[in-house]
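Residue numbers (the working numbering), protein chains in the order written: chain A, 392 to 468; chain S, 392 to 468; chain V, 1412 to 1750; chain D, 1412 to 1750.
So, in structure tokens, the structure goes:
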């Protein structure tokens, strides 16, 4: 099982701060694609991904128990 | 085993951000007394205590695996 | 108005309705130092209806490093902070009604000012005033937001009467000696970070978005890269004399307050803490020497020369401030050093 | 000076030595909007030697809700932000040398300004300028501090050439459309919190306390009560064209920049992003309507009336800004809406 955390407006789009779902074996890119479809999230492809509070690239493979978070970079200032 | 986290100037006084030590079975008050002696910390009696990121009173008993943190309230402004 | 607050109304949790609420609300802010400057500016820019500012000090050179409403000219004129703050805030937003009160935030004064107040913002520099704010908040059912900082370390907690634990639940007793900005220093980013938390919570209270209010106690250290958020519901104490089932509001009572009196014919103010404490004179001496004050002492007392005053501090917390008959000034000096 | 910075020198990690360093350092700040106002004020109060401020905009009423250096008078006078900022900062600390540059922070300008600069502070409102700052930082080996915010959400990351990953490692490509303060709003506490992180890091860089520098990427949401700190060392990409083994500094090259040109005889500026994007016109239309702009559109383009200008945005990111021949103004309008 994995925990997926959503930050900022992603939290509102999904409707929850976190969900529990098994995505072990998938790459980060595949998880993004899956979630984008499931929750109609448009901007996941530009979101930074953290696995267990550490930066993860698109090709990283998720393991059992990993906690995944998505941080959408913003440009305002 | 327990993990004890030190914030702010307590981190400098102890010399580390966290230590690992078994204090299960002791109350929060007893842990404070023990640490105060061990590390010559004067102000632990007024520090707020959190166990597993939740407020804990002086009489609360520590269990195996609990993570303890001390936050010293300050008055500046 | 639409144009001025457009970016704030675009923020969905505020919107037009939230802005309309903000514009009718009255905030009482205790203190116009570092936290007060910055809190006051954020709320004034946000367009609150009325802001009452209470402060007993005047602007000094050492304030300029972090107290964002003040300029070199305010220092030259030795303006009271509440007055200098009002002047700048009016230039920023002339629509906000601002009342400047120069004086000590005693329980009596707080009770007088609190009439139509929707929120009390803590920007004081000592626990005694905070405990009085805490009791006033409970007695009159007005939310308040605790904020404090020293060095690179800061904290905040939102207190809603009838819901959250109160400051007395957390502290149980008045800490005798805390670190203060006058003893271990302070950097401006710490102030900004406390204020970010306080004003975000203030906006939630003002637009009545109670679900969004932070129920945890936040603390952080910007130099040591720490951040912690502690769940607080277990701290609520039914027996608490401030917020429990049979409240007595102890910090509004004379016997629990710091007493101060002008000593007859001596140009000296005596200050006595409510309980006999145990001041660490060695540590205090080290800090004050680092501050370049001339410090002499023995195991029973410490004598400090500072800016034309001489303060003698005894081990039990009692102090004599020589060279003044002004009680508010003497209390300010005392609390800046002893927290 | 001793008195003025006494509370900052009392803070042990700065001390007298740190203060002496701060007073000799030169910071280049790009942008004088919300982040720029507050960053500039903190550093000026802290007593940095020299501050160079670059900004292309003038003060507008909608800035006052969060841009802390500006007053109603600045709006009336339509002062350029860099000029108004300098005026206020000089009143706050006349010891700091302040240079105000009114203009667009192009790669050429950045390369010219960067001579003796010790640190670049990011206070811009768009990724294109940030990527140029990032390449300049790598090319000239100058640290920079990324900061950004929108709504109640903000983030910061400290980039040290030769040590940490850079912004190009994280983003890989320029995001076509981000949320901006002009499309989804912003509250002032978010600004203060980003600035708290940026200025704490700035002070660490200026006093050369490299051990204390935060190596994680911080992001937070003050309304949703979130805070996250992500370890970043794995993000460092050896093949990165900005900081890798064979850097080409792509965002300093003309072909990767947004192009803009005055259309001959038409009082119109055309803007073309470096790559064909895919703008979500529906979403943009919704945001702009909420902002009370008059918006018309079809599946291929959107036409927006705003403050005397009309902007036509095409689905590939190209835009025409009618009613101006001023390229800097046109770029500002474009980037405020499209990020």
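The beta-carbon is built from N, C-alpha and C at its ideal position, and this holds for glycine as well.
Exercise. In the DSSP assignment, find the unbroken alpha helix (DSSP H) run with residue 1700(V) in it and report its ends.
Key: First-last of the alpha helix (DSSP H) with residue 1700(V): 1692-1701.
Exercise. State yes or no: is the beta carbon of residue 415(A) nearer than 8 Å to at least one beta carbon in chain D?
Key: Using a Cβ-Cβ cut-off of 8 Å, residue 415(A) does not count as an interface residue toward chain D, since no Cβ of chain D sits closer than that to its own.
Exercise. Give every residue of the same chain whose Cβ lies closer than 6 Å to the Cβ of residue 1615(D), excluding the five residues on either side of it in the sequence, and list them in chain order.
Key: 1623, 1624
Practice problem: Measure the beta-carbon distance from residue 453(A) to residue 1639(D) and round it to whole angstroms, keeping in mind my assumption that it falls under 8 Å. | Solution: That pair is no contact at about 18 Å.
Quiz item: Is there contact here, the segment 1412-1424 of chain V with the segment 1439-1453 of chain V, by at least three beta-carbon pairs under 8 Å?
Solution: no
Practice problem: Output, in chain order, the set of chain V residues within a Cβ distance shorter than 8 Å of residue 1576(D). | Solution: Against chain V, a Cβ distance below 8 Å from residue 1576(D) picks out nothing, because the smallest value is about 17 Å.
Practice problem: Hey, could you find the ends of the beta strand (DSSP E) residue 1683(D) is sitting in? | Solution: 1679-1683
Self-check item: Contacting positions in the segment 1495-1510 of chain V - beta carbon closer than 8 Å to chain D
Solution: 1502, 1503, 1504, 1505
Quiz item: For the segment 1542-1552 of chain V against the segment 1657-1675 of chain V, are there 3 or more C-beta pairs whose distance is under 8 Å?
Solution: yes
Quiz item: Of all the alpha helix (DSSP H) runs that stay within the bounds of the segment 1591-1617 of chain D, which reach a length of 4 or more residues?
Solution: 1592-1595, 1599-1617
Quiz item: So, are the CB atoms of residue 1629(D) and residue 1590(D) less than 8 Å apart?
Solution: No, the Cβ-Cβ distance between residue 1629(D) and residue 1590(D) is not below 8 Å.
Quiz prompt | Beta-carbon neighbours of residue 437(S), restricted to chain V and to distances below 7 Å | solution = 1586
Quiz prompt | Cβ-based contacts, 8 Å cut-off: residues of the segment 1532-1550 of chain D near chain E | solution = Any reference to chain E falls outside this structure, whose protein chains are A, S, V and D.
Practice problem: Please list the partners that residue 1592(V) has in chain D, where partner means a Cβ-to-Cβ separation under 7 Å. | Solution: Ordered by position in chain D, the residues that pass the 7 Å Cβ test against residue 1592(V) are 1418.
Quiz item: Is DSSP giving residue 1474(D) helix, strand or coil here?
Solution: helix
Quiz item: Cα separation between residue 1593(D) and residue 1723(D)?
Solution: Going by the C-alpha atoms only, they are around 17 Å apart.
Quiz item: When DSSP builds the beta bridges, which residues end up paired with residue 418(S)?
Solution: The partner list for residue 418(S) (beta bridge, DSSP) reads 452(S).
Quiz item: Should residue 398(A) be flagged as near chain D, meaning a C-beta pair shorter than 8 Å?
Solution: yes
Exercise. Please list, in chain order, all residues of the same chain as residue 1494(V) whose beta carbon is under 7 Å from its beta carbon, the five residues on each side excluded.
Key: 1511, 1513
Exercise. Take the Cβ of residue 1675(V) as the centre, count every other Cβ of all protein chains shown within 10 Å, and call the residue buried at 16 or more, exposed below.
Key: exposed
Quiz prompt | Alpha carbon of residue 1696(D) to alpha carbon of residue 1707(D), nearest angstrom | solution = 8 Å
Quiz item: How would you label residue 1637(V), buried or exposed, when you count the other beta carbons within 10 angstroms and need 16 or more for buried?
Solution: Its Cβ being crowded by 16 or more others within 10 Å, residue 1637(V) is buried.
Quiz item: For residue 1477(V), which residues from the same chain have a beta carbon less than 7 Å from its beta carbon, with the 5 sequence-adjacent residues on both sides left out?
Solution: 1445, 1597, 1599, 1602
Exercise. Determine the burial state of residue 1717(D): buried for a count of at least 16 other Cβ atoms within 10 Å of its Cβ, exposed for fewer.
Key: buried
Quiz item: Is the Cβ of residue 427(A) closer than 8 Å to any Cβ of chain D?
Solution: no
Self-check item: Whole-number beta carbon distance between residue 1458(D) and residue 1506(D), since they are thought to touch under 8 Å
Solution: Indeed, because the Cβ distance is near 7 Å, the residues count as touching under 8 Å.
Practice problem: Please determine, among 1441(D), 1485(D), 1558(D), 1721(D), the residue with the shortest C-alpha to C-alpha distance to residue 1521(D). | Solution: 1441(D)
Self-check item: Members of the segment 1689-1722 of chain V near chain D, C-beta cut-off 9 Å
Solution: 1698, 1701, 1702, 1703
Quiz item: So what's residue 1384(V) in DSSP terms, helix, strand or just coil?
Solution: Nothing about residue 1384(V) can be reported from this structure: the residues present for chain V run from 1412 to 1750 only.
Exercise. Would you check if there are 3 or more beta carbon pairs closer than 8 Å linking the segment 439-451 of chain A to the segment 411-428 of chain S?
Key: no
Self-check item: Interfacial residues, the segment 1427-1448 of chain D to chain A, with Cβ spacing under 8 Å
Solution: The residues in question are 1442, 1444, 1445, 1446, 1447.
Quiz item: What is the residue span of the beta strand (DSSP E) that residue 1642(D) lies within?
Solution: 1637-1642
Quiz item: If the cut is a Cβ gap below 7 Å, which residues of chain D does residue 1414(V) touch?
Solution: Chain D residues near residue 1414(V): 1472, 1473.
Quiz prompt | C-alpha distance - residue 398(S) paired with residue 404(S), whole-angstrom precision | solution = 10 Å
Quiz item: What residues in its chain sit with their C-beta under 8 Å from that of residue 393(A), if we drop five residues either side in the sequence?
Solution: 411, 412, 413, 414, 415, 453, 455, 456, 457, 458, 459
Quiz item: Can you pull the DSSP bridge partners for residue 1661(V)?
Solution: Looking at the DSSP output, residue 1661(V) shares a beta bridge with no other residue.
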